[in-house]
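Novice: Here numbering that gives the first Met the number 0 is used: position 49 in the sequence shown is 48, and no number is missing along the way. Beta carbons are placed, not taken as given, at the ideal position from N, Cα and C, and that holds for glycine. All values derive from a computational prediction rather than experimental measurement. Structure below; questions to follow.
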Amino acid sequence: MRLAVVDVGNTSTAAGLWVDGRVTNVVHVDGPIEDAFEAVDGIIAGNVDAVAYVSVVPGKDAMWRAYAKRKGLDFRQVVWRKALGFIDIDYPKPDTIGADRIADAVGAVTRYGAGVIVMDFGTAFTAAVVTGDRTWRGGVIAPGFPLMRDYMFERTAKLPKMKLGRGNVPKIGRSTAEAMRFGALVGYRGMIREIAAELKRNFSEDFRLIATGGFAKWVLKDLDMPFTVDPTLTLYGAGLICSNE
């Protein structure tokens, strides 16, 4: 099975080639949707069977469906029902679970086993909990770095728009930029520690910690917690789910 896997986020699109469980040719596009189409054109040039699609932006679904139709490809979209068989879902309104969180959970359980806490560091921060019996129990949602950065920039008169994804934690902020980076990274790491500790207490399990998303490596660098960072987890999970149709 060969799939073009597409992950449409709020601020960027990731895509790759999924072949029998391996994800390669990964690209990230921050520009308009036409740039994302062009990137996927390069991926499907090697011949694929379908487009495996995961999205948190419903307004773009019809455009991607039309793209697949133009290319003569089957369009397979990740929804929670398709995850059953990989994981069970114990959640009051499963239709409200983000498709990326479903893909992350399926990918993590398949690659690393259950139970896991999967943290996705994107525009929003999300965490998904799958217990040792392979059951989705719920999760956590908090502002991601882009939302924090943009809010501070838009709601203050003098704070600059902080650069994300690079730079180490200073001992103390000796400039506005350093002070913001210290607050963002140290504060965020504290949030991660507390979320992981609380979830472990609540479920009385020693979960494996898995991280993905564009800011995962930056946030978790030098953090004294046993995270496995998996940059292709969402694409991998989406491919698994959609290859099962």
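Which class does residue 71 belong to by DSSP, given the choice of helix, strand or coil?
Specialist: Stepping through the sequence shown from its first residue, residue 71 is reached at position 72. Note: residue 71 maps to coil in three-state DSSP.
Novice: Would you call residue 185 buried or exposed, if buried means 16 or more other Cβ atoms sit within 10 Å of its Cβ?
Specialist: Within the sequence shown, the letter at position 186 stands for residue 185. So residue 185 ends up on the exposed side.
Novice: Taking 6 Å as the limit between beta carbons, can you name the residues of its chain near residue 100, skipping five residues before and five after?
Specialist: Mapped onto the sequence shown, residue 100 falls at position 101. For residue 100, where only same-chain residues beyond five positions count, the Cβ hits under 6 Å are 125 and 127.
Novice: Rank 53, 217 and 170 by C-alpha distance to the C-alpha of residue 14 and give the top, closest one.
Specialist: Walking along the sequence shown from the start, residue 14 turns up at place 15. Checking every option, the nearest Cα to that of residue 14 belongs to 53.
Novice: On the three-state DSSP scale, how would you describe residue 116?
Specialist: Start at 1 with the first residue of the sequence shown, and residue 116 comes out as number 117. Residue 116 falls in the strand class under three-state DSSP.
Novice: Let's see if you can read the secondary structure: which residues bound the alpha helix (DSSP H) around residue 8?
Specialist: Against the sequence shown, residue 8 aligns to sequence position 9. No alpha helix (DSSP H) contains residue 8, which DSSP labels as neither H nor E.
Novice: Once you ignore the five residues that flank residue 27 on each side, which residues in its own chain have a CB closer than 7 Å to its CB?
Specialist: Within the sequence shown, residue 27 is the residue found at index 28, counting from 1. Here the set comprises 11 and 13.
Novice: Using only the alpha-carbon positions, how far apart do residue 98 and residue 76 sit?
Specialist: Within the sequence shown, numbered from 1, the residue matching residue 98 stands at position 99. Within the sequence shown, numbered from 1, the residue matching residue 76 stands at position 77. Going from the Cα of residue 98 to the Cα of residue 76 covers about 9 Å.
Novice: In or out: residue 157 buried (at least 16 other Cβ within 10 Å) or exposed?
Specialist: On the sequence shown, residue 157 is found 158 positions in, with the first residue counted as 1. Burial call: exposed.
Novice: When the Cα atoms are used, what is the spatial distance from residue 79 to residue 94?
Specialist: The residue you call residue 79 lines up with position 80 of the sequence shown. The residue you call residue 94 lines up with position 95 of the sequence shown. Rounded to whole angstroms, residue 79 to residue 94 spans 7 Å at the Cα level.
Novice: Looking only at C-alpha atoms, which of 102, 202, 226 and 9 sits nearest to residue 237?
Specialist: Numbered from 1 along the sequence shown, position 238 holds the residue referred to as residue 237. For the residues 102, 202, 226 and 9, the minimum Cα distance to residue 237 belongs to 102.
Novice: Taking contact to mean at least 3 C-beta pairs separated by less than 8 Å, is the segment 78–92 in contact with the segment 211–220?
Specialist: No, because fewer than three Cβ pairs between the segment 78–92 and the segment 211–220 fall closer than 8 Å, the two stretches do not touch.
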